[in-house]
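Report on the following structure.
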Amino acid sequence: MEMNAHTNYTLCKTGKQRVEPIHPELEEALEPILGDTYHLVVFQEQVMAIAQQLAGYSLGGADMLRRAMGKKKKEVLDAEWDTFLAGMRDRVISVRGRINVRDETMSIYGEEIALLDVSTANTASPVVISIQETRLNQRLVREFKHILAAHPGRAPVHVRLHRQGRKDLLLNLEPFSVAAEPAFYGDVKALLGAGSIGAA
472 MEMNAHTNYT LCKTGKQRVE PIHPELEEAL EPILGDTYHL VVFQEQVMAI AQQLAGYSLG
532 GADMLRRAMG KKKKEVLDAE WDTFLAGMRD RVISVRGRIN VRDETMSIYG EEIALLDVST
592 ANTASPVVIS IQETRLNQRL VREFKHILAA HPGRAPVHVR LHRQGRKDLL LNLEPFSVAA
652 EPAFYGDVKA LLGAGSIGAA
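472 is the number of the first residue of the sequence shown in the working numbering; add one for each residue after it.
This is the structure:
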């Protein structure tokens, strides 16, 4: 829970305080998560949902972040900050910020947040997905193909296959092409992990 969240919640509910989103650029994205609590983080589950929505965390990763925040483990949160930012950048959000410790309360503040406009981006740029060769099995391949088919678009798909002790292979997955958008990236990261989206 944010510092003074219970007081601010009551003030917002009774109309004595204006509802202010965490950041104006994130108001719409966080409305389903924070709308019922006047854009205040009141429940621990909201921390998990925000990490999943904004940074593509898995349920387990979001729970680890929630526990670290609850126990005020600054060293864990410092390490998670880079992961959180990388996840947000992967989801087409640009963030510069800091972790703040004040009055024994830990908070993540975004100092500069911008939703990047990719509607005019060159959608023909390839999407590169990294997979460890040791993780390949029939189930993973089947689920990966399902994700590719569920997000049709114009961006070609390349797979960087990491092979232990050998040079990586870069495979062009013709005829698959996808919509390079947050929903696709989120599905890929849910299956393969946060570091699975990379550059060509």
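Just so you know, even glycine gets a beta-carbon here, dropped at the ideal spot from N, CA and C.
DSSP, read as helix, strand or coil, puts F647 in strand.
V598 has its alpha-carbon roughly 14 Å from the corresponding atom of F615. I600 sits in a strand when the DSSP states are folded into three classes. Contact between the region 530 to 545 and the region 498 to 507 is absent: fewer than 3 CB-CB pairs across the two stretches fall below 8 Å.
L641 and R625 do not touch by the CB rule: their CB atoms are close to 20 Å apart, not below 8 Å. Pairing L611 with V518, the inter-Cα distance amounts to about 29 Å.
Residue state for L641 is assigned as strand, using DSSP reduced to three classes. Collapsing the DSSP output to three states places V547 in a helix. In the three-state reduction of the DSSP assignment, P627 falls in the strand class. For F514, there is no enclosing alpha helix (DSSP H), since its DSSP letter is neither H nor E.
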